[in-house]
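Protein chains: 2
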Amino acid sequence: MATAYAVILAGGRGERFWPLSTHQRPKQFLTLFGGKPLLQQAVERLEGVIPPERTLVITSADLVPLTCEVLPALPVENVVGEPCGRDTAAACALACALVERRDPDGVVCILTADQIMRDAPAFRRTLADAIAVAAAHEVIVTIGIAPTAPATGFGYIRTGARFETNADTAFMRVERFVEKPDLDTAQRYLADGRYLWNAGMFIWRTQVMRRALATFAPVLDALCDRIVGASPGAAEAVLGEAYPDLKKISVDYAVMEHADNLVVARGAFGWDDVGSWTSVADHLPADADGNTVVGTCQALDAAGNIVVAEEGRVVALLGVSDLIVATRGNVILVCHKDRAQDVKKLAHQIGDARGGTSPRGS
Amino acid sequence: MATAYAVILAGGRGERFWPLSTHQRPKQFLTLFGGKPLLQQAVERLEGVIPPERTLVITSADLVPLTCEVLPALPVENVVGEPCGRDTAAACALACALVERRDPDGVVCILTADQIMRDAPAFRRTLADAIAVAAAHEVIVTIGIAPTAPATGFGYIRTGARFETNADTAFMRVERFVEKPDLDTAQRYLADGRYLWNAGMFIWRTQVMRRALATFAPVLDALCDRIVGASPGAAEAVLGEAYPDLKKISVDYAVMEHADNLVVARGAFGWDDVGSWTSVADHLPADADGNTVVGTCQALDAAGNIVVAEEGRVVALLGVSDLIVATRGNVILVCHKDRAQDVKKLAHQIGDARGGTSPRGS
């Protein structure tokens with residue numbers, strides 16, 4: 034049977050957990066959930082399915098040192114930096130080429146760096162089944178998540194006919210990818226039962242993916258050729274040359290929505306993309322007043338707040354509710370829970386203020 | 034004419050501006066209003082009326098060093114520490130005795146350490162007139178404040194017949210002192226026109242006060258005798274011995290409410306006791322969204338907040354309103370404006386937490 038390789042896409046710049054996450058230390062390095070960086074958890078949860086030697090990480094070039102630091106188990110050559118971000122289509126092509134250089138018959142597992150999976154054993158079973166299906170069939174496998182709520186923040190996959198396998202996991206043909214829905218539509222999807230969340234995980238044999246790239250994204254297929262053909266040590270130069278000219282496009286748009294050989298595995302392993310500060314309350318215990326606290330907080334008549342205080346800081350709450358209070362370094366964020374999605378905006382505003390004209394105040 | 038001495042009562046432990054003010058650094062040391070400690074402003078605004086050599090400060094013994102530090106213009110012997118707090122009756126008796134030791138015919142001006150007077154020249158005129166009246170008549174003079182709002186946080190003075198003087202300031206007989214009123218009563222007082230705020234400022238000749246003490250508080254009169262009679266350097270020992278046994282009582286209750294020779298000067302000089310965090314918005318300019326900011330703050334869709342950030346800190350507000358956010362050292366206070374009066378309670382709760390069992394959180 035073909036050998037499986039994990040390629041974790043860790044190029045995200047998520048600043049929605051600002052000031053804890055920043056452009057220089059994005060969400061995959063957060064230790065808020067599980068006490069270890071999310072990226073480290075992403076590698077460790079592969080244990081028994083894919084070893085560190087066959088686990089690669091694609092991140093942005095400037096994050097390579099920090100990435101190596103939090104992943105001491107990975108050979109340093111397994112951490113690959115992109116010269117610039119060109120979305121997931123380029124990253125998947127790069128993943129394909131990197132594996133193909135090592136093993137032309139390899140199975141590539143495109144995985145994510147900054148998500149939570151509460152039931153790691155269930156995830157491993159699903160992934161192992163997906164690898165087996167990708168190895169045995171001429172299909173691209175994606176892992177969809179059985180929805181647990183009418184989420185409007187994810188894209189959905191509409192499943193079709195059952196794909197016959199011997200696996201324990203349910204595999205279905207992908208009928209189509211659908212965009213992030215409004216709430217009404219999401220509720221309909223949830224009730225329907227045929228829809229799964231698109232979690233951005235794809236499993237394929239390199240040759241299967243190369244055929245899809247050749248058909249739907251020939252520029253990326255050509256890039257693969259150049260990388261695979263590059264002499265040892267020259268691959269980086271190829272990236273530096275080719276990347277800036279690539280179109281920024283997701284692999285969903287560039288390939289997956291067009292391919293007809295897509296199969297989706299139904300995953301149910303407590304997945305969440307912990308997309309914003311309000312996720313903290315979903316994944317950490319709250320006190321009797323519904324305050325979720327990481328660090329030190331004293332509260333008087335305060336309820337439903339999320340507090341994340343750095344070591345050595347004390348947050349004191351009095352008569353406030355539904356706030357997010359987060360401190361890191363010199364920054365103190367005080368945000369209404371309803372506005373958690375806009376934290377990034379404010380982070381950029383502050384970035385401007387600190388780099389440019391002086392902020393208001395005395 | 035008799036010589037005037039200022040005695041500034043600075044024994045307050047105000048923690049209503051916590052975390053900026055603390056038990057060890059109470060409100061009179063706040064630099065929030067006017068950029069200098071309120072206590073220093075209290076001394077400086079006497080310029081031209083009472084010089085630093087004749088300005089004394091009574092504070093608690095442990096605050097003497099800090100008090101001397103912020104008042105370099107004062108001779109160190111003018112800063113007197115009480116061994117324990119026994120409210121204003123004891124402090125006024127001490128003030129009386131300290132002045133009497135220097136000048137048996139002195140006029141004592143009991144003043145406050147932690148209030149704002151926006152119109153210092155007007156205050157000086159009122160004070161000079163009050164000194165002249167106290168020097169010329171057998172009366173205790175108090176300065177009442179012409180109310181500008183139906184305040185429920187102050188006691189009031191009901192004025193009676195005009196007291197004939199040649200001063201520019203209006204002097205009236207005090208008819209009676211009244212307790213902090215409820216809002217309805219305060220509105221009635223404001224409309225009535227005969228009521229002034231009791232601001233805790235009293236001006237008297239030592240001998241006039243001694244007669245009042247002998248009549249209404251003989252224990253304090255006896256204390257005065259002991260202090261006045263003590264040999265140089267022995268006064269401190271007298272305080273240490275006598276103070277712990279004194280009753281905790283305000284000079285209003287102990288003397289002023291009983292004396293029939295009280296006269297009140299009508300003061301109008303932008304007085305405020307800046308009693309809590311919400312005062313910040315009354316005395317400092319706000320931005321277009323009604324946010325009052327000291328320090329560095331970036332706000333997005335935030336209105337009506339009060340932010341006081343230490344040097345080097347950035348407070349980021351997103352979608353919040355009517356909050357007080359104040360940082361000092363490791364403490365970050367996030368408080369609804371409506372609860373500003375309870376900050377002291379929370380400060381004590383934190384004090385307990387930091388000194389005793391560990392606060393909740395990881």
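Chains H and L supply the protein sequences, listed in that same order. Heads up, the first sequence is in the working numbering, so the first residue is 34 and it goes up one at a time. Heads up, the second sequence is in the working numbering, so the first residue is 34 and it goes up one at a time. Even glycine gets a Cβ: it sits at the ideal position worked out from N, Cα and C.
Answer with yes or no whether the minimum CB distance from residue i to chain H is below 8 angstroms.
i: L/Lys-378; result: yes
i: L/His-125; result: Contrary to the premise, residue 125 of chain L reads as Cys rather than His in this sequence. For L/Cys-125, the answer is no, since every Cβ of chain H falls outside 8 angstroms of its Cβ.
i: L/Val-347; result: yes
i: L/Asp-371; result: yes
i: L/Asn-363; result: yes
i: L/Cys-368; result: yes
i: L/Ile-41; result: no
i: L/Asp-225; result: no
i: L/Gln-331; result: yes
i: L/Asp-375; result: yes
Expressed to the nearest angstrom, what Euclidean distance is found between the alpha-carbon atoms of residue i and residue j?
i: H/Val-327; j: H/Lys-370; result: 16 angstroms
i: L/Phe-62; j: L/Gly-47; result: 10 angstroms
i: L/His-316; j: H/Asp-306; result: 46 angstroms
i: H/Ala-167; j: H/Ile-91; result: 21 angstroms
i: H/Val-348; j: H/Leu-366; result: 11 angstroms
i: H/Val-288; j: H/Pro-214; result: 21 angstroms
i: L/Asp-278; j: L/Leu-253; result: 11 angstroms
i: H/Tyr-222; j: H/Val-207; result: 15 angstroms
i: L/Ala-94; j: L/Leu-256; result: 18 angstroms
i: L/Ser-312; j: L/Arg-151; result: 14 angstroms
i: L/Pro-84; j: L/His-170; result: 23 angstroms
i: L/Lys-281; j: L/Pro-116; result: 13 angstroms
i: L/Thr-36; j: L/Val-261; result: 18 angstroms
i: H/Glu-344; j: H/Thr-329; result: 8 angstroms
i: L/Gln-74; j: L/Ala-319; result: 23 angstroms
i: H/Val-132; j: H/Glu-274; result: 20 angstroms
i: H/Gly-45; j: H/Val-109; result: 20 angstroms
i: L/Leu-99; j: L/Pro-70; result: 11 angstroms
i: L/Ser-54; j: H/Ala-123; result: 56 angstroms
i: L/Val-241; j: L/Arg-87; result: 19 angstroms
i: L/Gly-233; j: H/Gln-57; result: 56 angstroms
Taking 8 angstroms as the CB-CB cut-off, is residue i touching chain L?
i: H/Gly-389; result: Residue placement at H/Gly-389 is poorly supported in this model, since its pLDDT is 32, which falls under 50; the coordinates are not used for a value here.
i: H/Thr-360; result: yes
i: H/Leu-63; result: no
i: H/Val-353; result: yes
i: H/Leu-350; result: yes
i: H/Gln-382; result: yes
i: H/Gly-262; result: no
i: H/Leu-229; result: no
i: H/Leu-356; result: yes
Please confirm whether residue i and residue j have their CB atoms less than 8 angstroms apart.
i: L/Arg-158; j: L/Thr-202; result: yes
i: L/Asn-363; j: H/Arg-134; result: no
i: H/Ala-155; j: H/Val-82; result: no
i: L/Ser-354; j: L/Ala-373; result: no
i: H/Ile-143; j: H/Val-271; result: no
i: H/Val-141; j: H/Cys-129; result: yes
i: L/Ala-126; j: L/Leu-246; result: yes
i: H/Ile-190; j: H/Val-297; result: yes
i: H/Ala-359; j: H/Pro-52; result: yes
i: H/Arg-299; j: H/Leu-379; result: no
i: L/Leu-89; j: L/Tyr-38; result: yes
i: L/Phe-196; j: L/Phe-204; result: yes
i: L/Thr-248; j: L/Pro-137; result: no
Which residue wins for smallest C-alpha separation from residue i, given the options the options?
i: H/Thr-145; options: H/Ala-219, H/Tyr-189, H/Leu-272, H/Ile-236; result: H/Ile-236
i: H/Ile-339; options: H/Thr-239, H/Leu-350, H/Ile-357; result: H/Ile-357
i: H/Thr-198; options: H/Pro-180, H/Glu-110, H/Val-172; result: H/Val-172
i: L/Arg-49; options: H/Gly-384, H/Leu-351, H/Asp-138; result: H/Leu-351
i: L/Ala-106; options: L/Leu-131, L/Glu-77, L/Lys-69; result: L/Glu-77
i: H/His-381; options: L/Asp-147, L/Arg-299, L/Gln-331; result: L/Gln-331
i: L/Phe-187; options: L/Phe-204, L/Met-205, L/Leu-216, L/Arg-195; result: L/Leu-216
i: H/Ile-178; options: H/Gly-226, H/Leu-65, H/Thr-329; result: H/Gly-226
i: L/Val-376; options: L/Trp-310, L/Asp-334, L/Asp-322; result: L/Trp-310
i: L/Gly-67; options: L/Thr-181, L/Ala-165, L/Ala-153, L/Pro-180; result: L/Ala-153
Compute every distance between the C-beta of residue i and the non-hydrogen atoms of the ligand PLP, then say whether any falls below 7 angstroms.
i: H/Thr-181; result: You won't find the ligand PLP in this model; it holds no ligand whatsoever.
With residue i and residue j assumed to form a contact (beta carbons below 8 angstroms), what rounded beta-carbon distance in angstroms separates them?
i: H/Leu-399; j: H/Thr-121; result: Coverage of chain H is limited to positions 34 through 395, which leaves residue 399 of chain H absent and any answer about it impossible.
i: L/Gln-396; j: L/Pro-183; result: No information on residue 396 of chain L is available, as it lies outside the stretch 34 to 395 that chain L covers here.
i: L/Thr-325; j: L/Ala-314; result: 5 angstroms
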